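Scroll down for the structure; my scribbles are underneath it.
In the UniProt record's numbering, the protein residues as written are 1 to 190.
See the structure below:
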């Protein structure tokens, strides 16, 4: 997991599920990341939990760290981080996280904004996301307009309705975008 002022590396293949974590001022994180991005370690990372709620990931040059993780297939993040990843991608010619196929969001309030922009940028770069996982999001209301996802043919969307354990699924482009209205319509008391 990476955030603005700390990071934690966890190996799910280690028998003891060992972790290494550090909290440092943001400028020092860059140097710590570069130490961990050695050829023996970085290519084996398949999941990344990354958060950046401000411009520190741009200011302190996190792009070498993200470039050193070519095997990441799942990104756990929140919607506030997506614009910063997109900005980093715009300033460098190489594709960051080229194997990324699953975007697992912890928060989601504006699918039409940050999320849709990120998904479209990946499509435009010929590295599309195939799974949008919203099962960790606690959505109090439907993010408007979620139906925009319908235009991304083949995108699998997973979510949970508020207060339920069952995971719902929809494949975009299948013709019933109303399925993406995650929450039941509000009831009115007459």
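Think of the CB as a built atom: it goes at the ideal place given N, C-alpha and C, for glycine as much as any other residue.
Given the structure is predicted, the values throughout are model-derived calculations rather than measurements.
- Going along the chain, which residues of its own chain have a beta-carbon closer than 6 Å to the beta-carbon of residue 106, five neighbours each way excluded? Excluding positions up to five away in sequence, the list reads 78, 136.
- Task: Under the assumption that residue 43 contacts residue 64 (Cβ atoms under 8 Å), give the Cβ distance between them as a whole number of angstroms.
- Result: The Cβ separation is near 15 Å, so there is no contact.
- What are the complete alpha helix (DSSP H) segments, minimum 4 residues, inside the region 112-174? The DSSP assignment places 116-124 as complete runs of the alpha helix (DSSP H) inside the region 112-174, in order along the chain (cut-off: 4 residues).
- Query: Alpha carbon to alpha carbon, how far is residue 179 from residue 103?
  - Reply: Put simply, the backbone Cα of residue 179 is about 20 Å away from that of residue 103.
- Message: To the nearest angstrom, how far is the alpha carbon of residue 162 from that of residue 97?
- Response: Rounded to the nearest angstrom, the two C-alpha atoms are 31 Å apart.
- Would you mind stating whether residue 147 and residue 157 have Cβ atoms separated by less than 9 Å? Not in contact: residue 147 and residue 157 (Cβ atoms no closer than 9 Å).
- Item | Run of the alpha helix (DSSP H) containing residue 66, from where it starts to where it stops | Run containing residue 66: 63-67, per the alpha helix (DSSP H) assignment.
- From which residue to which residue does the beta strand (DSSP E) around residue 103 run? Run containing residue 103: 102-105, per the beta strand (DSSP E) assignment.
- Query: So, using beta-carbon positions, are residue 74 and residue 51 closer together than 9 Å?
  - Reply: Inclusion of residue 74 and residue 51 in the CB contact set at 9 Å is not warranted, their separation being larger than that value.
- Item | Residue of 86, 45, 127 minimising C-alpha distance to residue 117 | When each option's Cα is compared against that of residue 117, the closest is 86.
- Message: I need the straight-line Cα distance from residue 66 to residue 84, nearest angstrom please.
- Response: One C-alpha to the other measures close to 12 Å.
- Item | Top-ranked residue by Cα proximity to residue 149, from 76, 165, 132 | Comparing Cα-Cα distances from residue 149 to each of 76, 165, 132, the minimum goes to 132.
- Query: If you draw a straight line from the C-alpha of residue 155 to the C-alpha of residue 108, how long is it?
  - Reply: Each residue's Cα considered, the two are about 17 Å apart.
- Query: Looking only at its own chain, which residues have a Cβ that is under 6 Å from the Cβ of residue 92, when we skip the five neighbours before and after it?
  - Reply: So the qualifying residues of the chain are 63.
- Enclosing beta strand (DSSP E) for residue 90 [first to last residue]: Where residue 90 is concerned, there is no enclosing beta strand (DSSP E), although the alpha helix (DSSP H) it sits in stretches over 82-91.
- Query: Taking DSSP as the reference, what is the three-state secondary structure of residue 109?
  - Reply: DSSP places residue 109 in coil when its eight states are reduced to three.
- Task: Pick out whichever of 113, 166, 95, 99 has its Cα sitting closest to the Cα of residue 125.
- Result: Minimum Cα distance to residue 125 is reached at 95.
- Report the three-state DSSP secondary structure of residue 48 (helix, strand or coil). Of the three classes helix, strand and coil, the one that applies to residue 48 here is strand, per DSSP.
- Backbone CA spacing between residue 167 and residue 152 [nearest angstrom]: When rounded, the separation of the alpha-carbon atoms in residue 167 and residue 152 is 21 Å.
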